[in-house]
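Engineer: Going by the working numbering, the sequence shown wraps up at 417, each residue one higher than the last. Pasting a structure here, questions to come.
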Amino acid sequence: MANFQDYHGLPQFRQAVAKFMGRTRGNRVCFDPARIVMSGGATGAHEVTAFCLADPGDAFLVPTPYYAGFDRDLKWRTGVELVPVICKSSNNFKLTRKALEAAFEKGKEQNIKIKGLLVTNPSNPLGTIMDKETLTTLVSFINEKHIHLISDEIYASTVFCHPSFISIAEIIEDANIECNRNLIHIVYSLSKDMGFPGFRVGIIYSYNDEVVNCARKMSSFGLVSSQTQYLIASMLSDDEFVDKFVVESAKRLAKRYGIFCRGLAQVGIKCLQSNAGLFLWMDLRCLLRKQTFDEEMKLWKVIIHQVKINISPGVSFHCSEPGWFRVCYANMDDRDVEVSLTRIRAFVRRNKAEMVAAKNRCSRRNLRLSFSFRSLDDFLISPHSSITHSPIVKATTC
Ligand SMILES: Cc1ncc(COP(=O)(O)O)c(C=O)c1O
């Protein structure tokens, strides 16, 4: 086990991962172990893919809101840019051809060479999945523009209720859909579907031989240790365990999702309807005194400091509209679920009441509304404020 395994990886590891990828896509599609390239998590997989497909200064289109880590993974060391494709709440943040065309044109106007489109399906942070029509639109769009499509499918197995997940792999197998397969690449990882982010098992699955060859050589910079490869090969080859795990995980996610949605609904807070992921997309627009990102950040800071809960603000996912927050609900025990829901509900009730009172006061005095959260200013001006620059901070509960 301690012997060095070269960048091809153990055959049994690649076989087991290919089989698991098929399993998490309902066995409707097969994956070829020869196309499995390993990397240090999906993080490494994205970087290697970007290195393979683009030159510094080139760009990828990315629908918003998107996983904040993409700004690091695809840009930092490659010199690649990301061009946002603006998706809006008016159609539940669904990706449309019109939005894709607009982003592509904007890139062209700025003399940016668009090399590809990166989508996350199921979506982080939305928790939604793409339907067949949307996936077909993507495939025809990238074929027309002759750009690459990278589909990040690391949440494939987190789909906890209908409709079921459709992988880009299924779309390109469809004989009725025309597609140049050399343009299609899947990024996968065991970080979410198996809950193994610490093992750093990432996968690039490309239908393009040149990308497979190049990525395999580059994977030397982020190999999965042989010890982990043995462990994963053995674990994923156990069909009984895998089946049980996948079913039980989906059941628990569905339960948590229900508890949170119902718990938040008690105080009139809505969430985007979703059926996947380890989180939900919560609409707190009603708590913003103005619909701006400044107000969103202020609200986030108040929630961190008063409620002592860290929910990620939409701005950190490049959301085009203020007031949305991502709540991660999977990685906590039942007691913490109750504690956090109780705190959020109390906070919402208090602030709604204060907003109503402030509105009444203002309308009585015929003044412009100038409500501010109680204690907010204390936090913002305190020299002892522990607010970090990054929203990705772990707030401890006390
Ligand atoms: C959409 C998406 N892609 C990639 C990653 C990185 O995953 P990994 O831990 O496998 O590097 C994450 C992690 O949150 C993610 O949400």
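A virtual CB, placed ideally from N, CA and C, is assigned to each residue, including glycine. Owing to the predicted nature of the structure, the values given are computational and were not obtained by experimental measurement.
Would you call I411 buried or exposed, if buried means 16 or more other Cβ atoms sit within 10 Å of its Cβ?
Structural biologist: Reliability of the predicted coordinates at I411 is poor, the pLDDT of 33 falling under 50, and the value obtained from them is presented with this limitation in mind. So I411 ends up on the exposed side.
Engineer: So, at 6 angstroms on beta carbons, what are the nonlocal neighbours of Y226 in its own chain, with the 5 sequence-adjacent residues on each side left out?
Structural biologist: Excluding residues within five positions, the ones whose Cβ falls inside 6 angstroms are R200, I203.
Engineer: For S142, decide whether its Cβ has a neighbour in chain C, counting only Cβ atoms nearer than 8 angstroms.
Structural biologist: The chain labelled as chain C is not found in the depicted structure, where only one protein chain is given.
Engineer: Could you pull out every unbroken beta strand (DSSP E) segment of at least 3 residues lying fully inside the stretch 46-105, listed in chain order?
Structural biologist: Segments of the beta strand (DSSP E) lying fully in the stretch 46-105: 55-59, 78-82, 100-104.
Engineer: Cα separation between R275 and D92?
Structural biologist: Their backbone Cα atoms lie some 30 angstroms apart in a straight line.
Engineer: Please state the DSSP three-state secondary structure of I205.
Structural biologist: In the structure shown, I205 sits in a strand (DSSP, three-state: E or B).
Engineer: For W95, count the other beta carbons within 10 Å of its own beta carbon; 16 or more makes it buried, fewer makes it exposed. Which is it?
Structural biologist: By the neighbour-count rule (16 or more Cβ atoms within 10 Å), W95 is not buried but exposed.
Engineer: Could you tell me the distance, in whole angstroms, from the CA atom of C180 to the CA atom of N22?
Structural biologist: Rounded to the nearest angstrom, the two C-alpha atoms are 43 angstroms apart.
Engineer: If we call anything under 8 angstroms between Cβ atoms a contact, is L291 one with N111?
Structural biologist: Yes, the Cβ-Cβ distance between L291 and N111 is below 8 angstroms.
Engineer: Within the structure, which residues are defined as neighbours of ligand 1 by a Cβ-heavy atom distance below 6 angstroms, reported in chain order?
Structural biologist: Answer in sequence order: G60, A61, T62, Y86, G88, T139, N143, D171, I173, S208, S210, P216, G221.
Engineer: Give me the Cα-Cα distance between Q285 and A69, rounded to the nearest whole angstrom.
Structural biologist: Approximately 44 angstroms between the Cα atoms of the pair.
Engineer: In chain order, what residues of the same chain have a beta carbon less than 8 angstroms from the beta carbon of P341, not counting five sequence neighbours either side?
Structural biologist: Excluding sequence neighbours, P341 sits near R304, L307, Q310, T311, F312, E314, E315, G333, V334.
Engineer: Can you tell me where the beta strand (DSSP E) with F344 in it begins and where it stops?
Structural biologist: Segment 343-347, the beta strand (DSSP E) holding F344.
Engineer: DSSP three-state label for D193, please.
Structural biologist: Of the three classes helix, strand and coil, the one that applies to D193 here is coil, per DSSP.
Engineer: Ordered along the chain, which non-local residues of its own chain (more than five positions away) have a Cβ less than 8 angstroms from that of L299?
Structural biologist: Cβ neighbours of L299 beyond the five flanking positions: G146, Y276, F279, C280, C290, L291, S293, R345, V346, Y348.
Engineer: Hey, F184 and P141: beta-carbon distance below 8 angstroms or not?
Structural biologist: Yes.
Engineer: If you drop the 5 nearest sequence neighbours on each side, which residues of the same chain put their C-beta closer than 8 angstroms to that of D150?
Structural biologist: These residues qualify, in order along the chain: P182, I185.
Engineer: Quick one: which unbroken alpha helix (DSSP H) runs of 4-plus residues sit fully inside the stretch 303-389? Chain order, please.
Structural biologist: Taking only runs of at least 4 residues, the alpha helix (DSSP H) segments lying wholly in the stretch 303-389 are 312-321, 353-384.
Engineer: Start and end of the alpha helix (DSSP H) containing L250?
Structural biologist: Segment 245-255, the alpha helix (DSSP H) holding L250.
Engineer: Tell me the rounded alpha-carbon separation between G63 and V326.
Structural biologist: Straight-line Cα distance between these residues: approximately 35 angstroms.
Engineer: Provide the residue(s) that pair with I169 in DSSP beta bridges, ordered along the chain.
Structural biologist: Answer by DSSP bridge pairing, in chain order: L137, H204.
Engineer: Have a look at S238, D212, I148, E128 and flag the residue whose alpha-carbon is nearest the alpha-carbon of K113.
Structural biologist: Of the candidates S238, D212, I148, E128, the one whose C-alpha sits nearest the C-alpha of K113 is I148.
Engineer: Checking the sheet assignment: what are the DSSP bridge partners for L299?
Structural biologist: Answer is V346.
Engineer: With a CB to CB cut of under 6 angstroms and the five nearest residues on each side skipped, what residues in its chain are close to E66?
Structural biologist: D92.
Engineer: Please return the same chain residues whose Cβ sits closer than 6 angstroms to the Cβ of S176, not counting the five positions on each side in sequence.
Structural biologist: Around S176: T43, D212, V265.
Engineer: Determine the burial state of R219: buried for a count of at least 16 other Cβ atoms within 10 Å of its Cβ, exposed for fewer.
Structural biologist: With 16 or more other Cβ atoms within 10 Å, it is buried.
Engineer: Apart from the five residues just before and just after H27, which ones in its own chain have a Cβ nearer than 6 angstroms to its Cβ?
Structural biologist: Answer for H27: no residue qualifies.
Engineer: With DSSP collapsed to three states, give me the class of Y224.
Structural biologist: Three-state result, Y224: strand.
Engineer: I need the straight-line Cα distance from P30 to I251, nearest angstrom please.
Structural biologist: In a straight line, the C-alpha of P30 is about 12 angstroms away from that of I251.
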